[in-house]
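K.L.:
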Amino acid sequence: VRAAAHEGCQALITHHPLILTPLKSVRTDVPQGAALALAAREGVAVIAAHTNLDAASWGVSQTLAECLGLADLRPLVPNGGPGEGMGRVGRLARALSLAELARLVRERLSAPFVRCVEGTKEPIERVAVCGGAGAGLAAAALGAGAQALVTGDVRYHQARDFEGRLALLDCGHFCGERPVLEKLAGRLGEELAGQVEFMVMSGEQDPFKLY
10 VRAAAHEGCQ
20 ALITHHPLIL
30 TPLKSVRTDV
40 PQGAALALAA
50 REGVAVIAAH
60 TNLDAASWGV
70 SQTLAECLGL
80 ADLRPLVPNG
90 GPGEGMGRVG
100 RLARALSLAE
110 LARLVRERLS
120 APFVRCVEGT
130 KEPIERVAVC
140 GGAGAGLAAA
150 ALGAGAQALV
160 TGDVRYHQAR
170 DFEGRLALLD
180 CGHFCGERPV
190 LEKLAGRLGE
200 ELAGQVEFMV
210 MSGEQDPFKL
220 Y
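Structure (structure tokens):
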């Protein structure tokens, strides 16, 4: 919100919502309330495209899959029109080991690290992805014939449930969602050409740091 106001923007479009759960009060001494107050004071509208952008045919997971070079893509959990749904499953250009796939994920997403849970010992060719916290789709990934799932926020019990069956690669919530912003700005710019100017804010960082 501060960056948008500094740039003279009238609206801020985000993926992760500023208000994720209903508010009972707005306190300016906590970050969320301070951001809301600043937006109101500076006249910056805040718009969130969350689950709808996740499920869009060109959205978060589709962009993530394309970043990793997956081919023959289809929704992991179809929902709505053609190509729409949660997650994606596709095929690598060649089979990779878990270590090789982790390096690919880290490099393509500029992720500081990738936490991995080993699946089977077979080389990995079919991969599922879900931007954000998508480990809940692990069973669907197995059902779709995937040998690995790339997502964020993998919990301990999920790792235990699928170790030895499905490789899990946790690239972090931020890194898995960040690539869609350029595509979102481009599509909106095409739809509203000559009417609205869009820019991608580059200053936001993953809140998790490594020491």
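In the numbering used here, the protein residues as written are 10 to 220.
Backbone N, C-alpha and C define an ideal beta-carbon position, used for all residues, glycine too.
Model, not experiment: these values are computed from the prediction.
Determine the contact status of S70 and D81, defining contact as a CB-CB distance below 8 Å.
P.N.:
no
K.L.:
Going straight from the alpha carbon of V114 to that of A108, what length do you get?
P.N.:
10 Å
K.L.:
Taking only runs that begin and end inside the segment 61–125, name each unbroken alpha helix (DSSP H) of 4 or more residues, in chain order.
P.N.:
69–76 and 107–118
K.L.:
How many angstroms separate the CA atom of T60 from the CA atom of C18?
P.N.:
Between T60 and C18, the C-alpha separation is close to 24 Å.
K.L.:
Can you tell me where the alpha helix (DSSP H) with L45 in it begins and where it stops?
P.N.:
P40 to E51
K.L.:
For a test of the three-state rule: what should DSSP assign to G17, helix, strand or coil?
P.N.:
Coil, per DSSP.
K.L.:
Would you check if the distance between the CB atom of A148 and the CB atom of A137 is smaller than 8 Å?
P.N.:
No, the Cβ-Cβ distance between A148 and A137 is not below 8 Å.
K.L.:
Give the DSSP-derived three-state secondary structure of L178 in the structure shown.
P.N.:
strand
K.L.:
Between which residues of its own chain and R174 is the CB-CB distance below 8 Å, once the five residues before and five after are set aside?
P.N.:
G128, T129 and L151
K.L.:
Within 10 Å of its beta-carbon, does A54 have 16 or more other beta-carbons around it, so buried, or fewer, so exposed?
P.N.:
exposed
K.L.:
Grab the span of the alpha helix (DSSP H) containing V189 for me, first residue to last.
P.N.:
V189 to E200
K.L.:
With distance defined between alpha-carbon atoms, name the residue in V189, A57, F217 and V159 nearest to R100.
P.N.:
V159
K.L.:
Excluding the five sequence neighbours on either side, which residues of its own chain have a C-beta within less than 6 Å of the C-beta of L118, listed in chain order?
P.N.:
C180 and C184
K.L.:
DSSP beta-bridge partners for R135?
P.N.:
Beta-bridge partners of R135 (DSSP): R100.
K.L.:
Buried or exposed for H15, going by 16 or more other Cβ atoms inside 10 Å?
P.N.:
exposed
K.L.:
What three-state label does DSSP hand L27 in the structure shown?
P.N.:
L27 falls in the coil class under three-state DSSP.
K.L.:
Return the CA-CA distance between Y165 and G52, expressed in angstroms with no decimal places.
P.N.:
42 Å
K.L.:
Can you find the residues in the same chain that come closer than 7 Å, C-beta to C-beta, to F171, ignoring five residues on each side of it along the sequence?
P.N.:
V126, A147 and L177
K.L.:
Counting only the same chain and skipping the five closest in sequence on each side, list residues whose C-beta sits under 8 Å from that of V86.
P.N.:
G94, M95, G96, L146 and A149
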